[in-house]
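Sequences listed follow chains A and B, in order. Once you know that position 181 of the first sequence is 181 in my numbering, the rest is easy, because the numbers rise by one and skip nothing. To convert a position in the second sequence, counted from 1, into my numbering, add 369. Have a look at the structure below, then the notes.
Number of protein chains: 2
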Amino acid sequence: MNDSVGIVTTQYAQFKTDLHLESGRRLGPLTLAYETYGQLNSARDNALLVTHAWTGDAHAAGRHHEDERKPGWWDNMIGPGKVFDTERFFVICSNVIGSCKGSTGPTSLNPATGRPYRLSFPVLMVRDMVHAQRLLIDHLEIEQLCCVVGGSMGAMQALEWAIHYPQRVRSIVPIAGTGRTSPMAIALNALARQSIFNDPLWKKGKYHFDHPPADGFALARAVGHISFLSDASMQLKFARRFSRMDGMFDFFGKFEVERYLDYNGRSFVERFDPNSFLYLAKALDLYDVAWRFDSAREALSQLVCPSLWFAFTSDWLYPPYATEEVVEELERQKKPVDYALISSDYGHDSFLVEPEKFIPQLKNFLAQL
Amino acid sequence: MNDSVGIVTTQYAQFKTDLHLESGRRLGPLTLAYETYGQLNSARDNALLVTHAWTGDAHAAGRHHEDERKPGWWDNMIGPGKVFDTERFFVICSNVIGSCKGSTGPTSLNPATGRPYRLSFPVLMVRDMVHAQRLLIDHLEIEQLCCVVGGSMGAMQALEWAIHYPQRVRSIVPIAGTGRTSPMAIALNALARQSIFNDPLWKKGKYHFDHPPADGFALARAVGHISFLSDASMQLKFARRFSRMDGMFDFFGKFEVERYLDYNGRSFVERFDPNSFLYLAKALDLYDVAWRFDSAREALSQLVCPSLWFAFTSDWLYPPYATEEVVEELERQKKPVDYALISSDYGHDSFLVEPEKFIPQLKNFLAQL
Numbered sequence: 001m002n003d004s005v006g007i008v009t010t011q012y013a014q015f016k017t018d019l020h021l022e023s024g025r026r027l028g029p030l031t032l033a034y035e036t037y038g039q040l041n042s043a044r045d046n047a048l049l050v051t052h053a054w055t056g057d058a059h060a061a062g063r064h065h066e067d068e069r070k071p072g073w074w075d076n077m078i079g080p081g082k083v084f085d086t087e088r089f090f091v092i093c094s095n096v097i098g099s100c101k102g103s104t105g106p107t108s109l110n111p112a113t114g115r116p117y118r119l120s121f122p123v124l125m126v127r128d129m130v131h132a133q134r135l136l137i138d139h140l141e142i143e144q145l146c147c148v149v150g151g152s153m154g155a156m157q158a159l160e161w162a163i164h165y166p167q168r169v170r171s172i173v174p175i176a177g178t179g180r181t182s183p184m185a186i187a188l189n190a191l192a193r194q195s196i197f198n199d200p201l202w203k204k205g206k207y208h209f210d211h212p213p214a215d216g217f218a219l220a221r222a223v224g225h226i227s228f229l230s231d232a233s234m235q236l237k238f239a240r241r242f243s244r245m246d247g248m249f250d251f252f253g254k255f256e257v258e259r260y261l262d263y264n265g266r267s268f269v270e271r272f273d274p275n276s277f278l279y280l281a282k283a284l285d286l287y288d289v290a291w292r293f294d295s296a297r298e299a300l301s302q303l304v305c306p307s308l309w310f311a312f313t314s315d316w317l318y319p320p321y322a323t324e325e326v327v328e329e330l331e332r333q334k335k336p337v338d339y340a341l342i343s344s345d346y347g348h349d350s351f352l353v354e355p356e357k358f359i360p361q362l363k364n365f366l367a368q369l
Numbered sequence: 370m371n372d373s374v375g376i377v378t379t380q381y382a383q384f385k386t387d388l389h390l391e392s393g394r395r396l397g398p399l400t401l402a403y404e405t406y407g408q409l410n411s412a413r414d415n416a417l418l419v420t421h422a423w424t425g426d427a428h429a430a431g432r433h434h435e436d437e438r439k440p441g442w443w444d445n446m447i448g449p450g451k452v453f454d455t456e457r458f459f460v461i462c463s464n465v466i467g468s469c470k471g472s473t474g475p476t477s478l479n480p481a482t483g484r485p486y487r488l489s490f491p492v493l494m495v496r497d498m499v500h501a502q503r504l505l506i507d508h509l510e511i512e513q514l515c516c517v518v519g520g521s522m523g524a525m526q527a528l529e530w531a532i533h534y535p536q537r538v539r540s541i542v543p544i545a546g547t548g549r550t551s552p553m554a555i556a557l558n559a560l561a562r563q564s565i566f567n568d569p570l571w572k573k574g575k576y577h578f579d580h581p582p583a584d585g586f587a588l589a590r591a592v593g594h595i596s597f598l599s600d601a602s603m604q605l606k607f608a609r610r611f612s613r614m615d616g617m618f619d620f621f622g623k624f625e626v627e628r629y630l631d632y633n634g635r636s637f638v639e640r641f642d643p644n645s646f647l648y649l650a651k652a653l654d655l656y657d658v659a660w661r662f663d664s665a666r667e668a669l670s671q672l673v674c675p676s677l678w679f680a681f682t683s684d685w686l687y688p689p690y691a692t693e694e695v696v697e698e699l700e701r702q703k704k705p706v707d708y709a710l711i712s713s714d715y716g717h718d719s720f721l722v723e724p725e726k727f728i729p730q731l732k733n734f735l736a737q738l
């Protein structure tokens, strides 16, 4: 039997409401792009929400058409018989607001002006993304999600769900997450930001969509890329190999690792919007579970459901200690919490590269729901 | 008694010779900027060479004039009664070739054209810097240095001295060094490079010296700066404090850590040359002790003198394992080698920030020479 969800279609839910944002501003009307895999059961209690990372999208599994080069970004996890088993779960993945992958973001038309928002788009927090997702879950007439699961920014969303909608989730699985972004992570995002700001084509966000600030944006992506990798994974993949195309003593000669960063940065420019990238980076930087609470302790006291956490030994962007701070507080509060530190050399990206290392525990957790 | 070396003057040694570079090119005539502290004894055997890091200079101790805001970069180490005791040692520090701090580099006049070299300057390796320093040591009529000591790129120079001039050094102390730059370190330098290349004012190195590519260069410095710090040191210094001058929901609002990186980047632009920065970054990337040998093992077999190595727990640019690879090979070869892993939160910069943590062992080592 085929373990793919097959051909899928992105759907778009429209909401004529205004979302009251953490910033005090309002955003609306809203569009949310989403995909679903599997069937909602008659009790409507088998829905599992997958939340995506920074530059992810709603297309988590299957293919949009036979010839699509790559399947959805978590296709190895979602499908019949896979860990997010579509024979059992109704899997939902929605693109976050602020993104450029179908949900309302800086590239959308500002209804007040009839032109793209660009920098008139409001600064968002991860919490706002979750409030928007709640509209979608209401729209799908789902009273309670059986699980919210995601990595990186997806982990932040899962935690926010459990804290702000404790009655709407039966469990969460935050992977490679953190309770608050570190100054190191902020500093890395600052490099990415500045590299876009420095590009004369950026024009304070008013770039021509056909002529984006490609040089600055590719560099910004390279900054991110490095933070998702690790010293060990780069040693494995590139070591100190010098490009065969260059002379070692050419001023512009490149090591293989440089060529790779260049190539990836360039191809990223074709599939993402610089302003969206900046708004989402900002949301990451502002992430602090304690926001609007007196403390992280008080915030975490809102959570009631079981949670399963994974961190990765070589992740230096959201290092294991960041997850452990949250897990230890939950343990102090006698919440039902499980945690596994996964040994992997692939840095922050480990959750995408070596899922086999945490799938058994994840399967076990989901089986008990 | 005052423990300062007092008022000092940078000297300039001129060499009419051509240096044969590792690249196969020749460089000459050469100027080397240097300073000395203390007195060369009559046996001429008390000279200690201090080697500087990437953006360092010959001004390691004392002040150039009463009003100089800051003393030399290693003033806390060099002076009467200090670890590099100028009552005992004749301390020499010379600016490396390729730099812009008085020694021949890309800002120097190319004798073939009468104009600054800029990108016609040859790509250098750390080994070339050491060969140039050897000219200075000859010029000072010193047959054997009692010690070569330096951190980061300075550690590379110390190791090269011991390997290529085994008869000219009685000991070396490489601090926060590595036997070869890792792909992670190369990738970080690639970000710095690209941020300069992206600046329209860079003009392939032909920028106006009064209008350097300041935006790109400040960003390049910020990349470097982050790699010299650590997650822990940023937590201590900045945590998640938001700038008081900005609103948290301003698109251009900044965290304190961002303001700091900006400020430091900007002030750096005023005191360093972008092309020199790029040439030295290249030399760092190309650094591999095994270059022109069959292996690191063969290279290290050339070393005969005692060596003392320090690495720092939070250094993620040249992590402790990089030093340990070299130390372990030296141990296998039964060379006289000492190593201490220093616990410090200050990342690669630890060697400058917390010298008190390794000074006792260093003092002890120097006492035995």
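Yeah, the Cβ is synthetic: ideal placement off N, Cα and C, and Gly gets one too. Note that the coordinates shown come from a computational prediction; the quantities given were computed from them, not determined experimentally.
Asked	Found
Classification of B:D436 by the beta-carbon crowding that lies within 10 angstroms, buried from 16 upward	exposed
Distance between beta carbons of B:A531 and B:V538, contact taken as under 8 Å	5 Å
For A:D338, the first and last residue of its enclosing beta strand (DSSP E)	337-342
B:S596 beta carbon less than 8 Å from that of B:D714	no
A:A299 versus A:L286: straight-line alpha-carbon distance, rounded	16 Å
Span of the alpha helix (DSSP H) around A:L352	350-353
Chain-ordered chain A contacts of B:D584 [CB-CB under 9 Å]	Q194, F197, N198
Other residues of its chain near A:N41: CB distance less than 8 Å, five sequence neighbours each side excluded	F90
Residue-chain proximity (A:A58, chain B), Cβ-Cβ < 8 Å	no
Stretch-stretch touch, CB-based, cutoff 8 Å, three pairs: the segment 200-218 of chain A with the segment 113-130 of chain A	yes
The segment 95-111 of chain A in contact with the segment 28-41 of chain A per 3-pair CB rule at 8 Å	yes
Interface flag, A:V123 vs chain B, CB-CB below 8 Å	yes
Beta-carbon proximity check, A:I359 vs A:S350, cutoff 8 Å	no
Contacting positions in the segment 537-552 of chain B - beta carbon closer than 7 Å to chain A	R549, S551, P552
Neighbouring residues, chain B, relative to A:P319 (Cβ below 8 Å)	D600
B:S636, buried or exposed, once every other Cβ within 10 Å from all chains shown has been counted against 16	exposed
Alpha helix (DSSP H) runs contained entirely in the segment 100-149 of chain A, provided each spans 4 or more residues	126-139
A:P174 and A:W316 closer than 8 Å at C-beta	no
The segment 41-53 of chain A / the segment 127-141 of chain A touching (three or more Cβ pairs under 8 Å)	yes
Pair within 8 Å by beta-carbon distance, A:E234 and B:A556	The question names Glu, yet the displayed sequence has Met at residue 234 of chain A. Cβ atoms of A:M234 and B:A556: closer than 8 Å.
Short-range partners of chain B found in the segment 52-77 of chain A, where Cβ spacing is below 8 Å	none
A:T36 (DSSP reduced to helix, strand or coil)	strand
First and last residue of the uninterrupted alpha helix (DSSP H) at A:P213	Looking at the DSSP string, A:P213 is not in any alpha helix (DSSP H), and its letter there is neither H nor E.
Contact between the segment 575-594 of chain B and the segment 136-148 of chain A (3+ Cβ pairs under 8 Å)	no
Boundaries of the alpha helix (DSSP H) in which B:I376 is found, first to last residue	Unbroken run through B:I376: none, as it is neither H nor E.
Partners in chain B for A:F249, counting only beta-carbon separations shorter than 7 Å	S392, V492
Sub-8 Å separation of A:G265 and A:L219 beta-carbons	yes
Neighbour flag for B:R609 against chain A, beta carbons, 8 Å	yes
C-alpha distance - A:E325 paired with A:V337, whole-angstrom precision	13 Å
Distance between B:L647 and A:G281 (C-alpha atoms, nearest Å)	Position check: residue 281 of chain A holds Ala in this sequence, whereas Gly was assumed. Distance between the alpha carbons of A:A281 and B:L647: 28 Å.
Spatial distance of A:K82 from A:F365 (CA atoms)	14 Å
Same chain, Cβ closer than 7 Å to B:E698, neighbours up to 5 away in sequence not counted	A665, R666, L669
Spatial distance of A:D210 from A:D273 (CA atoms)	11 Å
Close Cβ partners of A:S23 (< 6 Å) along its chain, the five nearest in sequence each way excluded	P122, V123
Sheet register partners of B:C462 (DSSP bridge)	B:E404, B:V419
Whole-angstrom distance between B:V638 and A:T323, CA atom to CA atom	38 Å
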